[in-house]
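8 is the number of the first residue of the sequence shown in this note's numbering; add one for each residue after it.
Cβ atoms here follow ideal geometry from the backbone N, Cα and C, with glycine treated the same way.
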Amino acid sequence: MRYEVDSYTLEYVEDEDKYYISFRDSVEQDCRIEIDKDIFDTYTNSKKAYIKIKNETSRHLEQSDLTEEDMYKRAFEPVESVEETVIKNIEKEKVNEALKDLTSTQFRRIDLHIVNEITIRDVAKLEKVQKSQIQKSLELGLKKIKKFFEE
Numbered sequence: 008m009r010y011e012v013d014s015y016t017l018e019y020v021e022d023e024d025k026y027y028i029s030f031r032d033s034v035e036q037d038c039r040i041e042i043d044k045d046i047f048d049t050y051t052n053s054k055k056a057y058i059k060i061k062n063e064t065s066r067h068l069e070q071s072d073l074t075e076e077d078m079y080k081r082a083f084e085p086v087e088s089v090e091e092t093v094i095k096n097i098e099k100e101k102v103n104e105a106l107k108d109l110t111s112t113q114f115r116r117i118d119l120h121i122v123n124e125i126t127i128r129d130v131a132k133l134e135k136v137q138k139s140q141i142q143k144s145l146e147l148g149l150k151k152i153k154k155f156f157e158e
């Protein structure tokens, strides 16, 4: 059994039933000293404590990668419950089903005008049609969506 820590190595040699600690001294010479089992156990336990502290510190540092502003925002962000998440997902599915009932032209125009917030005039220019055609198409598309949700 061998434990390596930053500045020393603990070792148990089963054949000899002896415990050792190895390290480099101040003149960079390798040293290996036999130690009692109690000392070995103490060092082993301190190594485990060292690893635990090191892991906790690294987890803390990962979290501190967030800026102060991010942490502030998170503190005031309401946590969404499981029920809210499920309801949102169901609503998204319903909206997607409603959008499937639209023609490709209606879908494209609703996407441009409502989702991407492009004015009706600009949508008409993009599609090289009259503004009234865009308005009529949007009205019909939105009626289809409304009808879908009323059923």
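Supposed close pair residue i, residue j - CB separation, criterion 8 Å
i, j, result
"Ile46", "Tyr27", "At roughly 11 Å, the Cβ-Cβ gap does not stay under 8 Å, so Ile46 and Tyr27 are not in contact."
"Thr49", "Leu17", "The pair is not a contact, with the Cβ atoms about 10 Å apart (cut-off 8 Å)."
"Ser29", "Asp37", "7 Å"
Assigned exposure category for residue i - 16 Cβ within 10 Å defines buried
i, result
"Lys133", "Inspection of the sequence shows that residue 133 is occupied by Leu rather than by Lys. So Leu133 ends up on the exposed side."
"Arg31", "exposed"
"Val117", "Checking the sequence, you will find Ile at residue 117 rather than Val. Answer is buried; the Cβ neighbour count reaches 16."
"Gln113", "buried"
"Ile121", "exposed"
"Ile141", "buried"
Local conformation of residue i per DSSP, three classes
i, result
"Asp22", "coil"
"Asp45", "helix"
"Leu17", "strand"
"Asp169", "Residue 169 lies beyond the range of the chain shown here (8 to 158); nothing can be said about it."
"Ser111", "helix"
**Message:** Does the region 144-158 come into contact with the region 104-116, if we say contact requires no fewer than three beta-carbon pairs (one atom in each stretch) closer than 8 Å?
**Reply:** Yes, they touch.
**Asked** Taking one C-beta from the region 92-99 and one from the region 130-149 each time, how about it: are there three or more such pairs within less than 8 Å?
**Response** Contact between the region 92-99 and the region 130-149 is absent: fewer than 3 CB-CB pairs across the two stretches fall below 8 Å.
**Item:** Three-pair Cβ contact test at 8 Å for the region 95-103 versus the region 141-148
**Value:** As far as the Cβ criterion goes, the region 95-103 does not touch the region 141-148, which means the pair count is below three.
**Message:** What ranges does the alpha helix (DSSP H) occupy inside the region 124-152, keeping only unbroken runs of at least 4 residues that lie completely in it?
**Reply:** Whole alpha helix (DSSP H) segments, 4+ residues: 127-134.
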